[in-house]
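Going by my numbering, the first residue of the sequence shown is number 91, and it counts up by one from there. Inspection log for the structure reproduced underneath, given as structure tokens.
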Amino acid sequence: MGPENLTLVETTAILLQVLDRSIKYVQVTIESIQQYLASTGATLDVQRELGNLFRALGNPDGVYATVRTPEALTPTTFEQFAKYKLLPNIC
């Protein structure tokens, strides 16, 4: 976790700036993701397991929830991550 909490809208704005591309944040349902996966040939197991993972990631009280503590932080901002780690890997 970086030094600040960001919404997905704020994350999208940072990516727009860093990537210099047109992108748009659109919230979709897990079911629509599973339908897309099915249309690309993903097995039922893959569809189910990714759906379960997305549900777990979205659960604020779930196994993937991390309490924001000094030990659980990195000084790297999302903008720095996008510029120096993400961008070089997609260009």
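Don't be surprised by glycine CBs; every beta carbon is placed ideally from N, CA and C. Keep in mind that this is a model prediction, so the values were computed, not measured.
Exercise. Sort 177, 179, 159, 176 by Cα distance to residue 92 and report the nearest one.
Key: Locating residue 92 in the sequence shown gives position 2, where the first residue counts as 1. Restricting attention to 177, 179, 159, 176, the CA atom closest to the CA of residue 92 is found in 159.
Exercise. Ignore the nearest five residues each way along the sequence and tell me which others in residue 156's own chain have a CB closer than 7 Å to its CB.
Key: Residue 156 sits at position 66 when you count from the first residue of the sequence shown. So the list reads 91, 162, once near-sequence residues are dropped.
Self-check item: Whole-angstrom C-beta distance between residue 146 and residue 105, which should lie under 8 Å
Solution: On the sequence shown, position 15 is the one that residue 105 refers to. On the sequence shown, position 56 is the one that residue 146 refers to. Rounded to the nearest angstrom, the Cβ distance from residue 105 to residue 146 is 24 Å, too far for a contact under 8 Å.
Quiz item: Distance, Cα to Cα, residue 176 vs residue 148?
Solution: By one-based count along the sequence shown, residue 176 stands at place 86. By one-based count along the sequence shown, residue 148 stands at place 58. So the alpha carbons of these two residues sit roughly 23 Å apart.
Quiz item: Can you give the Cα-Cα distance for residue 107 and residue 94, rounded to whole angstroms?
Solution: Counting from 1 along the sequence shown, the entry for residue 107 is found at position 17. Counting from 1 along the sequence shown, the entry for residue 94 is found at position 4. Computed Cα separation, rounded: 18 Å.
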